[in-house]
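Presented below is the structure to which this report refers.
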Amino acid sequence: MLRVKNLYFRHRGTGIDILRDISFEAREGEMTTLLGPNGSGKTTLFKCIAGIWKISKGDILFGEKSIKDYNYRERAKIISVVPQEHQPVFPYTVFELVLMGRVSRVCLFSVPTKRDEEIAEEALSLLGIEHLRDRDYTKISGGERQLALIARALAQQTPLLLLDEPTSHLDFKNQITLLKKIKELAREKNLTVVMTLHDPNLAMIFSDRIVLLNKGSILCTGSPKEVLNPANLHNVYEIEVSILSNTDKCYIYPII
Amino acid sequence: MGKGTKKAVLFLSPFFVSLVALFIGVYGVSPEVIIKILLNELIGFDGELKASAERAIVVDIRLPRIIMAGLVGAALSTAGVTLQAVFRNPLVDPYILGISAGSAFGCAIAVGFFHFLPLQLSAFVFGILAVTLAYAIAKTQEGVPRVSLILAGVIVSAFFSALVSIVKFLVDPHRLQSIVFWLMGSFNLAEWRAVKTAFLGIVLGILPLVLMRWRLNVISLGDEEAKTLGINVERERLILVALSTLAVSVATSLCGIIGWVGLIVPHIIRMVIGPNHRDLLPLAIFGGASFTILADTIARSITKFDIPIGIITALSGAPFFAYLLRRSGRELWR
């Protein structure tokens, strides 16, 4: 379980807190979504948890241990981060990219072992992309790149998986298949999944728990149905929405 | 050709090229005599041959020169591979980043004024200073834009070249000639003692780079990503750049400024074997050695004079750079 406790963040040398008093929990086997409009602080929060930025106050706990002062290598054994899909400068193959997930287990003056390579192969087959193994990562589709990055995170073998807007560059079909796959993995491998999303409807469908952010602090947390009501959404996104519900399924649509 | 064959060819190329280079020279020594001389060096059966002029040419002039060219080429191209990965910029090398000019200035003041300064140390310190300056000038909050880094390198190079000119202007005329000659970049001063220094310094720089080569893949993805994968990027970048600079500054201190090798060779090897640094870096060592031995053989045999090798590498490197620039197009501006 990941617990964020009273987290504050400000950039060094500035007097403005970008994040204020953030506290929430993310449980094993569950999908926790950080949701909020542009500028709400979700990317900042993401980077704080990922360890890219150092938090100013508060604590981040994994299990009973505080991980906020872990060095990069120690942290990479607990948290794997899936960045938004991107183009690296050099056209590595998908397998080479996935193997890079092992770097925290390979010592400074060494190269990956046979075992590391097997783990990378397993990660590829878990995501069903063995056929992409020897393709250039730069020459596959956006959806395939996102899958390759998730495979790399799995090769890292961490209990916690962080995803930064995994659906942002994907088409409708790929968004759904990808999130389904992540949810399956979370359940199967009992991973604690934390991700940021833009689309409240995707958050509604796939999350077990939502952290709704607004202007650097948390508006509310809870199950999708508790959090995503018209009042909260109006408060955060400043547009009128209405919720269509049909038995157990809900859909948020804007009133225009 | 399979990947294995390509690798084997690259690994063996320096030995083949050296053998050819040994047979070529202004003073004609027949191949049989050369082979006889080499065998004689190993087993030593003929005392008369040991004292011959042919032996002096082959063993004391050509051979150290070839080995020196190989070592320097290896240093430059390994540093090129490393710097391109660390700065995520396929258009940089030790020359473009100003390391060569910085090191040259370090040498010039050690030779010209401060004789108590160890040459290699002074070269190393100013090499590091140059690359740090280039990096600091180009760095923005979101990273290091490729064009900015190249321009920063140009600025730093220009600055240190100007400082070298001041040294040339002020220095004792007796010392001037040796500085001018050495600055143009040449291997014709190579003798066994210099080869030993080069070997020590360059191996000291390259060997840790070979061991760390796989991590270059991860570092080349960018700071944030490498950090989340478990790499202390700031620390490792410093180590990698310092090691590259060590190899390059030792090379510069012995053979002057030789540009372009560190840019061309990594690209050629990448085209042949792919971008994975696990293979790329070791192969660049051997490819760099072959390329430089070849260029030096051309430099010393194409005319009656010994042309500085820097001219040959620039003649092949500048068009190559232009080609890369055209090909990378808009990507460069990111």
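From first to last, the protein sequence lines are chains A and B.
Numbers 10 to 265, taken from the working numbering, label the letters of the first sequence in order.
Numbers 9 to 342, taken from the working numbering, label the letters of the second sequence in order.
By construction, the Cβ of each residue, glycine as well, lies at the ideal position given by its N, Cα and C atoms.
Just so you know, these numbers come straight off a predicted model, no measurement behind them.
Residue from the options with nearest C-alpha to residue i
i: B/Gly7; options: B/Ala29, B/Ile158, B/Ile247, B/Leu79; result: Look at the range of chain B in this structure, 9 to 342, and you will see that residue 7 of chain B is not part of it.
i: B/Pro181; options: B/Tyr35, B/Val119, B/Ala322; result: B/Val119
i: B/Pro102; options: B/Arg278, B/Met76, B/Ile315, B/Pro274; result: B/Pro274
i: B/Lys235; options: A/Thr42, A/Lys14, A/Ile64, A/Arg82; result: A/Arg82
i: A/Asp68; options: A/Ile31, A/Asn80, A/Lys51, A/Ile88; result: A/Ile31
i: B/His123; options: B/Ile293, B/Ile43, B/Arg183, B/Ala206; result: B/Arg183
i: B/Ser85; options: B/Val256, B/Arg96, B/Val280; result: B/Val256
i: B/Ile301; options: B/Gly52, B/Ala82, B/Gly12; result: B/Ala82
i: B/Leu71; options: B/Leu27, B/Val100, B/Ala61, B/Thr90; result: B/Leu27
i: B/Ala250; options: B/Trp222, B/Gly264, B/His285, B/Gly213; result: B/Gly213
i: B/Ala61; options: B/Ile42, B/Phe329, B/Thr205, B/Gly295; result: B/Ile42
i: B/Ala292; options: B/Val179, B/Gly270, B/Leu333; result: B/Gly270
i: A/Cys57; options: A/Leu156, A/Gly225, A/Glu130; result: A/Gly225
i: A/His110; options: B/Gly110, B/Leu229, B/Ala206; result: The sequence given here places Gly at residue 110 of chain A; His does not occur at that position. Residue B/Leu229 is the option with its Cα nearest to A/Gly110.
i: A/Tyr101; options: B/Leu288, B/Ser336, B/Asp304, B/Phe299; result: B/Leu288
i: A/Arg84; options: A/Val13, A/Ile61, A/Asn244, A/His95; result: A/Ile61
i: B/Cys263; options: B/Gly88, B/Ile317, B/Val226, B/Val218; result: B/Ile317
i: A/Asn47; options: A/Glu247, A/Leu187, A/Arg154; result: A/Glu247
i: B/Thr321; options: B/Leu333, B/Ile247, B/Asp304; result: B/Asp304
i: B/Thr253; options: B/Phe167, B/Val175, B/Val139; result: B/Val139
i: B/Ile174; options: B/Ala112, B/Ile65, B/Glu56; result: B/Ala112
i: A/Gln184; options: A/Leu163, A/Leu171, A/Asn210; result: A/Asn210
Cβ neighbours of residue i in the same chain (closer than 7 Å, five flanking residues each side left out)
i: B/Cys115; result: Leu127, Ser130, Ala131, Thr260, Ser261
i: A/Glu174; result: Gln93, Thr205, Leu206, His207
i: A/Lys77; result: Ile64, Asp68, Ile69
i: B/Ser165; result: Gly106, Ala109
i: A/Ile264; result: Glu249, Val250, Ser251
i: B/Ile276; result: Gly295
i: A/Val107; result: Ala129, Ala132, Leu133, Ala157, Ala160, Arg161, Ala164
Same chain, Cβ closer than 8 Å to residue i, five either side skipped, listed in chain order
i: B/Asp68; result: Glu199, Trp200
i: B/Ile315; result: Ala307, Arg308
i: A/Pro239; result: Glu249, Val250, Ser251, Ile252
Contact set for residue i: own chain, Cβ-Cβ below 6 Å, skip 5 residues either direction
i: A/Pro233; result: Met213, Ser216, Ile219
i: B/Asp231; result: Val241
i: B/Ala297; result: Pro22, Gly78, Gly81, Ala82
i: B/Asp54; result: Asn48
Host beta strand (DSSP E) of residue i (start-end)
i: A/Lys258; result: 258 to 263
i: A/Gly231; result: 226 to 231
i: A/Val91; result: 88 to 91
i: A/Val220; result: 218 to 223
i: A/Val250; result: 250 to 255
i: A/Leu169; result: 169 to 173
i: A/Thr205; result: 201 to 206
N-terminal and C-terminal residue of the alpha helix (DSSP H) that residue i is part of
i: A/Leu18; result: Note that residue 18 of chain A is Phe in the sequence shown, not Leu. No alpha helix (DSSP H) holds A/Phe18; the beta strand (DSSP E) holding it covers 11 to 18.
i: B/Ser21; result: 11 to 31
i: A/Val103; result: 103 to 108
i: A/Val245; result: 239 to 246
i: B/Ser336; result: 317 to 336
i: A/Ser134; result: 123 to 135
i: A/Pro100; result: Where A/Pro100 is concerned, there is no enclosing alpha helix (DSSP H), given that its DSSP letter is neither H nor E.
i: A/Phe215; result: 209 to 215
i: A/Phe181; result: 181 to 198
Quiz item: Given a limit of 7 Å on CB to CB distance, which residues of the region 240 to 265 of chain A reach chain B?
Solution: none
Self-check item: Within the region 45 to 132 of chain B, ranges of the alpha helix (DSSP H) (whole runs, at least 4 residues)
Solution: 55 to 58, 71 to 94, 107 to 120
Exercise. Using a Cβ-Cβ cut-off of less than 9 Å, give me the residues of the region 65 to 89 of chain A that come near chain B, in sequence order.
Key: Asn80, Tyr81, Arg82, Glu83, Arg84, Ala85, Lys86, Ile88, Ser89
Quiz item: What residues in the region 216 to 229 of chain B bring their beta carbon closer than 8 Å to a beta carbon of chain A?
Solution: Pro216, Leu219, Met220, Arg221, Trp222, Arg223, Asn225, Val226, Ser228, Leu229
Self-check item: Under 7 Å (Cβ pairs) to chain A, residues found in the region 228 to 254 of chain B
Solution: Ser228, Leu229, Glu232, Glu233, Lys235, Thr236, Leu237, Gly238, Ile239, Asn240
Exercise. Output the residue ranges of the alpha helix (DSSP H) runs that lie fully inside the region 239 to 312 of chain B and measure 4 residues or longer, sorted by chain position.
Key: 241 to 263, 269 to 281, 285 to 309
Quiz prompt | Proximal residues, the region 274 to 286 of chain B versus chain A, C-beta separation under 9 Å | solution = Arg278, Gly282, Pro283, Asn284, His285, Arg286
Quiz item: Which residues, taken in chain order from the region 121 to 137 of chain A, show a beta carbon closer than 9 Å to some beta carbon of chain B?
Solution: Pro121
Exercise. Within the region 28 to 98 of chain A, note down every full alpha helix (DSSP H) run reaching 4 residues or more, in order along the chain.
Key: 51 to 59, 81 to 85
Quiz item: Can you list, in chain order, the residues of the region 16 to 31 of chain A whose Cβ is nearer than 7 Å to any Cβ on chain B?
Solution: none
Practice problem: Using a Cβ-Cβ cut-off of less than 9 Å, list which residues of the region 47 to 65 of chain A approach chain B; keep chain order. | Solution: Lys56, Ala59, Gly60, Ile61
Quiz prompt | alpha helix (DSSP H) runs wholly inside the region 154 to 233 of chain B, at least 4 long, in chain order | solution = 154 to 178, 181 to 191, 200 to 219, 221 to 227
Exercise. Taking only beta carbons into account, state which residues of the region 93 to 105 of chain B come closer than 9 Å to chain A, listed in chain order.
Key: Ala93, Arg96, Asn97, Pro98
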